[in-house]
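Chemist:
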Amino acid sequence: MLRPSNARRAIVLALILATACGQAPAPSLAPAATLKDAFRGAFRVGAALNSDQFFERDARGAALVKAQFNTITAENALKWEHVHPRPNTYDFAASDQYVAFGEKNGMFLVGHTLVWHNQTPRWVFEDASGKPVGRDTLLARMRDHIQTVVGRYKGRIKGWDVVNEALNEDGTLRRSPWLTIIGDDYIVKAFEYAHEADSAAELYYNDYSVENAAKRNGAVQLITKLKAQGVPVAAIGLQGHDKMDWPTPAQQDSTIVALAKLGVKVNITELDVDVLPPAVQNRTADVSMRAQQDPRTNPYASGLPDSVQRALAARYASLFQVFLAHRDVIDRVTFWGVGDGDSWLNNWPVPGRVSYPLLFDRQDSPKLAFDAVIRTARQMRAEK
Ligand code: XIL
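For reference, each letter of the sequence shown is one residue, going 505 to 888 in the numbering used here.
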């Protein structure tokens with residue numbers, strides 16, 4: 505087997521030979537091009553990192569992150585179940601390292617996430633006998649959690665996903681334990697506690713499928729209400745767990761326009777594009793969905809056909825055209841993972857599929873989609 509550096513040399517040699525023989529290969533923009541440089545002046549470009557990357561056990565992944573991105577999000581390390589697994593136990597081993605990695609590399613650090621209904625232990629909502637706690641107890645727990653976690657990284661983690669996924673698909677508020685126990689104002693309270701803990705941090709509301717009309721209307725109402733109450737919402741995060749045909753560029757565009765009108769920034773926070781056939785009816789990004797393994801929903805187990813690779817590149821180019829057109833209101837575009845091998849879509853909603861949603865492949869090499877995204881940035885610059 506070729507070592508990666510030898511493999512790269514072999515590829516360069518093959519390209520030179522192919523060119524010399526008159527076959528023009530698609531010019532690779534790698535490795536010199538970087539996402540963070542291509543979009544400098546427009547928005548930051550980031551990735552969600554797993555612990556192997558920020559502890560640098562995955563040395564290749566860590567090197568790629570340093571080269572390509574100027575903002576990072578912890579994929580799991582700051583979620584309640586990891587950072588605060590038991591009532592009086594906080595565990596900051598992973599999140600401290602995440603922050604150290606980001607600071608060492610001069611990156612904008614995002615904290616994900618403070619108040620969510622997933623990856624939050626049951627004890628949070630229950631008393632010692634397993635019965636639901638009352639409003640005051642849950643508010644006190646929420647405040648302690650937010651103040652401890654945000655306070656620890658005050659001035660260092662620059663932006664927080666304060667509330668994640670509070671909306672249903674029809675735009676109403678999700679009946680999570682947060683809502684049923686505390687009431688509608690749990691969202692305001694979460695932002696209030698986060699602001700108390702670090703008044704300089706940017707505070708975000710983050711959700712998926714906001715591009716669909718009903719949910720978008722719900723998001724507009726929610727943000728409007730929060731702003732009217734003086735809640736310092738800096739941005740709405742569109743997760744961006746996209747499909748090849750959804751959202752359409754027009755839907756993406758009108759969603760950004762509708763939200764930006766409210767006077768908040770609109771960030772793309774968890775971008776990936778799923779090329780696999782849908783395995784569940786309701787194609788949202790609800791992490792609690794599960795589907796059975798079935799070879800029909802895992803068609804590219806031994807590799808992605810060129811035609812799909814090219815279609816993915818075109819899809820990414822059209823999404824980034826929309827993002828660039830709105831660079832005045834977009835501060836950040838963050839991918840949910842670095843290379844395809846890291847993506848949560850290999851295990852959601854079906855365990856053990858082979859997914860191809862990102863710009864780098866399983867060897868962390870740039871895909872055609874990477875080149876397409878870089879070209880989109882360069883075209884936009886040339887047109888300016
Ligand atoms: C996912 C992680 O990527 C997985 O590793 C984990 O097992 C489940 O959560 N929306 C979110 C993210 O806001 O936190 C989710 O991340 C993906 C969907």
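Using N, Cα and C, we set each Cβ at its ideal position, and we do this for glycine too.
#1: Could you check the C-alpha separation between residue 721 and residue 795 for me, to the nearest Å?
#2: Please name the residue, chosen from 542, 536 and 538, that lies closest to residue 883 on a Cα-to-Cα basis.
#3: Identify every residue that forms a DSSP beta bridge with residue 596.
#4: Going by beta carbon distance, what residues of the same chain come within less than 7 Å of residue 603, once the five residues before and after it are set aside?
#5: Regarding residue 584 and the ligand XIL, is the C-beta to nearest heavy atom distance less than 6 Å?
#6: Inspect the CB distances between the stretch 738-748 and the stretch 691-704 and report whether three or more fall short of 8 Å.
#7: Rounded to whole angstroms, what is the Cα-Cα separation between residue 574 and residue 629?
#8: State the DSSP-derived secondary structure class of residue 771, mapped to helix, strand or coil.
#9: Suppose the cutoff is 8 Å on Cβ atoms and the five residues either side in sequence are ignored; what does the same chain contact list for residue 688 look like?
#10: Taking the alpha helix (DSSP H) that residue 695 falls in, what are its first and last residues?
#11: Indicate the three-state DSSP secondary structure (helix, strand or coil) for residue 887 in the structure shown.
#12: Hey, is residue 783 close to the ligand XIL, as in C-beta under 6 Å from one of its heavy atoms?
#13: What is the rounded straight-line gap between the Cα of residue 874 and the Cα of residue 816?
#14: Residue ranges of each alpha helix (DSSP H) run of no fewer than 4 residues wholly in the stretch 765-844, ordered along the chain?
#15: If we call anything under 7 Å between Cβ atoms a contact, is residue 735 one with residue 694?
#16: Closest to residue 749 by C-alpha separation, out of 611, 823 and 583, would be which residue?
#17: Look at the Cβ atom of residue 784, then the Cβ atom of residue 861, and state whether they are nearer than 7 Å.
#18: I'd like the span of the beta strand (DSSP E) that includes residue 645, first residue to last.
#19: Classify residue 606: buried if its beta carbon has 16 or more other beta carbons within 10 angstroms, exposed otherwise.
#20: Whose C-alpha, out of 788, 835 and 644, is nearest the C-alpha of residue 714?
#21: Do residue 579 and the ligand XIL come close, with the Cβ less than 6 Å from some heavy atom?
#22: Helix, strand or coil: which one does DSSP assign to residue 479?
#23: Smallest Cα separation from residue 809: which of 872, 799, 771 and 766?
#24: Smallest Cα separation from residue 670: which of 567, 627, 652 and 724?
#25: Which of the three DSSP states is assigned to residue 664 in this structure?
Modeler: A quick look at the data gives this:
#1: Here residue 721 is taken as the residue at index 217 of the sequence shown, counted from 1. Here residue 795 is taken as the residue at index 291 of the sequence shown, counted from 1. Spanning the two alpha carbons is a distance of roughly 29 Å.
#2: Locating residue 883 in the sequence shown gives position 379, where the first residue counts as 1. Measuring from the Cα of residue 883, the nearest candidate turns out to be 542.
#3: Within the sequence shown, residue 596 is the residue found at index 92, counting from 1. DSSP, once it has assigned bridges, lists no residue as partnering residue 596.
#4: For the purposes of this step, residue 603 is taken as residue 99 along the sequence shown, with counting starting at 1. Cβ neighbours of residue 603 beyond the five flanking positions: 613, 657, 660 and 661.
#5: The residue you call residue 584 lines up with position 80 of the sequence shown. Because no heavy atom of the ligand XIL lies under 6 Å away, the Cβ of residue 584 does not count as near it: no.
#6: no
#7: Looking up residue 574 in the sequence shown gives position 70. Looking up residue 629 in the sequence shown gives position 125. If you take the alpha carbons of residue 574 and residue 629, they lie about 37 Å apart.
#8: For the purposes of this step, residue 771 is taken as the residue at position 267 of the sequence shown. Reduced to three states, the DSSP call for residue 771 is strand.
#9: The sequence position of residue 688 within the sequence shown is 184, counting from 1. Correct list, in chain order: 677.
#10: One-based indexing of the sequence shown puts residue 695 at position 191. Here the alpha helix (DSSP H) through residue 695 covers 690-701.
#11: As a working note, residue 887 is residue 383 in the sequence shown. Residue 887 falls in the helix class under three-state DSSP.
#12: Taking the sequence shown and counting its residues from 1, the one referred to as residue 783 is at position 279. For the ligand XIL, not one heavy atom lies less than 6 Å from the Cβ of residue 783.
#13: Within the sequence shown, the letter at position 370 stands for residue 874. Within the sequence shown, the letter at position 312 stands for residue 816. Each residue's Cα considered, the two are about 10 Å apart.
#14: 810-829
#15: Indexing the sequence shown from 1 puts residue 735 at position 231. Indexing the sequence shown from 1 puts residue 694 at position 190. No, they are not a contact pair.
#16: The residue labelled residue 749 in the question sits at position 245 within the sequence shown. It is 823 whose Cα lies nearest to the Cα of residue 749.
#17: In the sequence shown, counting from the first residue as 1, residue 784 sits at position 280. In the sequence shown, counting from the first residue as 1, residue 861 sits at position 357. Result no, Cβ atoms of residue 784 and residue 861 do not sit closer than 7 Å.
#18: Translated into positions along the sequence shown, residue 645 becomes position 141. First-last for residue 645: 639-656, but that is the alpha helix (DSSP H), not the beta strand (DSSP E).
#19: On the sequence shown, position 102 is the one that residue 606 refers to. Result: buried.
#20: Indexing the sequence shown from 1 puts residue 714 at position 210. The shortest C-alpha separation from residue 714 is found at 788.
#21: In the sequence shown, residue 579 corresponds to position 75, counting from 1. Yes; taking the cut-off as 6 Å, the Cβ of residue 579 has a heavy atom of the ligand XIL nearer than that.
#22: For the chain, the structure presents residues 505 to 888; residue 479 sits outside this window and is missing.
#23: Position 305 of the sequence shown, counted from the start, is the residue given in the question as residue 809. Out of 872, 799, 771 and 766, 872 has the C-alpha closest to the C-alpha of residue 809.
#24: Taking the first residue of the sequence shown as position 1, residue 670 is located at position 166. With distances taken between Cα atoms, residue 670 lies closest to 724.
#25: As a working note, residue 664 is residue 160 in the sequence shown. The answer is strand: DSSP assigns residue 664 an E or B state.
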